[in-house]
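Using the UniProt record's numbering, you'd call the opening residue of the sequence shown number 1 and step up by one each time.
All residues carry an ideal CB built from backbone N, CA and C; glycine is no exception.
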Amino acid sequence: MYIIMYQSTLLFLNIGAQETIVIVFAILLLFGGKKLPELARGLGKGIREFKDASDDVKREIHRNINSLTAEEELRQEEQAERKRLEAGEEENKTVD
(Lines of atoms letter the chains of each structure in order from A; the text may use other names.)
(Lines give C-alpha, C1' and ligand atoms only; values in the text may rest on other atoms or scores of the structure.)
Protein backbone atom coordinates (compact mmCIF):
# COMPACT_ATOMS: atom_id res chain seq x y z
CA MET A 1 0.00 0.00 0.00
CA TYR A 2 2.82 2.36 0.86
CA ILE A 3 4.49 1.61 -2.46
CA ILE A 4 1.34 2.58 -4.35
CA MET A 5 1.04 5.86 -2.40
CA TYR A 6 4.74 6.49 -2.91
CA GLN A 7 4.53 5.88 -6.65
CA SER A 8 1.42 8.00 -7.05
CA THR A 9 3.09 10.80 -5.08
CA LEU A 10 6.16 10.58 -7.28
CA LEU A 11 4.03 10.64 -10.43
CA PHE A 12 2.12 13.63 -9.09
CA LEU A 13 5.33 15.50 -8.35
CA ASN A 14 6.92 14.32 -11.61
CA ILE A 15 9.99 12.97 -9.79
CA GLY A 16 12.06 10.32 -11.52
CA ALA A 17 14.24 7.53 -10.13
CA GLN A 18 17.45 9.59 -10.13
CA GLU A 19 15.84 12.46 -8.25
CA THR A 20 14.37 10.02 -5.74
CA ILE A 21 17.79 8.51 -5.06
CA VAL A 22 19.32 11.95 -4.54
CA ILE A 23 16.49 12.96 -2.17
CA VAL A 24 16.82 9.73 -0.13
CA PHE A 25 20.59 10.17 0.06
CA ALA A 26 20.21 13.78 1.21
CA ILE A 27 17.70 12.74 3.88
CA LEU A 28 20.08 10.03 5.09
CA LEU A 29 22.89 12.57 5.33
CA LEU A 30 20.76 15.12 7.16
CA PHE A 31 18.93 12.88 9.62
CA GLY A 32 20.89 9.63 9.75
CA GLY A 33 19.67 6.08 9.51
CA LYS A 34 18.26 6.00 13.05
CA LYS A 35 15.86 8.90 12.50
CA LEU A 36 14.70 7.71 9.07
CA PRO A 37 11.99 5.27 10.33
CA GLU A 38 10.64 7.95 12.65
CA LEU A 39 10.50 10.44 9.78
CA ALA A 40 8.76 7.90 7.54
CA ARG A 41 6.15 7.22 10.25
CA GLY A 42 5.55 10.94 10.70
CA LEU A 43 5.23 11.43 6.96
CA GLY A 44 2.82 8.51 6.68
CA LYS A 45 0.74 9.84 9.56
CA GLY A 46 0.64 13.30 7.96
CA ILE A 47 -0.44 11.88 4.60
CA ARG A 48 -3.14 9.78 6.30
CA GLU A 49 -4.46 12.81 8.22
CA PHE A 50 -4.50 14.87 5.02
CA LYS A 51 -6.39 12.12 3.19
CA ASP A 52 -8.90 11.78 6.05
CA ALA A 53 -9.45 15.53 6.07
CA SER A 54 -9.98 15.62 2.30
CA ASP A 55 -12.43 12.71 2.57
CA ASP A 56 -14.32 14.62 5.28
CA VAL A 57 -14.52 17.66 3.02
CA LYS A 58 -15.79 15.52 0.13
CA ARG A 59 -18.44 13.93 2.37
CA GLU A 60 -19.54 17.36 3.61
CA ILE A 61 -19.81 18.67 0.05
CA HIS A 62 -21.87 15.65 -1.03
CA ARG A 63 -24.09 15.99 2.03
CA ASN A 64 -24.69 19.68 1.26
CA ILE A 65 -25.42 18.97 -2.38
CA ASN A 66 -27.88 16.24 -1.42
CA SER A 67 -29.60 18.47 1.13
CA LEU A 68 -29.82 21.32 -1.41
CA THR A 69 -31.31 18.93 -3.95
CA ALA A 70 -33.85 17.72 -1.40
CA GLU A 71 -34.72 21.32 -0.47
CA GLU A 72 -35.20 22.20 -4.14
CA GLU A 73 -37.49 19.19 -4.62
CA LEU A 74 -39.53 20.27 -1.59
CA ARG A 75 -39.81 23.81 -2.97
CA GLN A 76 -40.97 22.51 -6.33
CA GLU A 77 -43.56 20.26 -4.70
CA GLU A 78 -44.73 23.17 -2.54
CA GLN A 79 -45.07 25.44 -5.57
CA ALA A 80 -47.01 22.77 -7.44
CA GLU A 81 -49.34 22.33 -4.46
CA ARG A 82 -49.86 26.11 -4.23
CA LYS A 83 -50.77 26.24 -7.93
CA ARG A 84 -53.26 23.41 -7.45
CA LEU A 85 -54.79 25.18 -4.44
CA GLU A 86 -54.96 28.50 -6.31
CA ALA A 87 -56.57 26.77 -9.29
CA GLY A 88 -59.11 25.18 -6.93
CA GLU A 89 -59.87 28.56 -5.30
CA GLU A 90 -60.37 30.18 -8.70
CA GLU A 91 -62.81 27.42 -9.66
CA ASN A 92 -64.71 28.00 -6.41
CA LYS A 93 -64.89 31.75 -7.13
CA THR A 94 -66.20 31.17 -10.65
CA VAL A 95 -68.81 28.70 -9.38
CA ASP A 96 -70.05 31.09 -6.66
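Would you kindly check if the distance between the Cβ of residue j and the Cβ of residue i is under 8 Å?
{"i": "residue 36", "j": "residue 29", "result": "no"}
{"i": "residue 31", "j": "residue 39", "result": "yes"}
Express the C-alpha separation of residue j and residue i in angstroms, rounding to a whole number.
{"i": "residue 84", "j": "residue 68", "result": "24 Å"}
{"i": "residue 65", "j": "residue 22", "result": "45 Å"}
{"i": "residue 41", "j": "residue 18", "result": "23 Å"}
{"i": "residue 89", "j": "residue 81", "result": "12 Å"}
{"i": "residue 44", "j": "residue 72", "result": "42 Å"}
So, is the C-beta of residue i closer than 8 Å to a C-beta in chain C?
{"i": "residue 61", "result": "This model lacks chain C altogether, as it is built from one protein chain only."}
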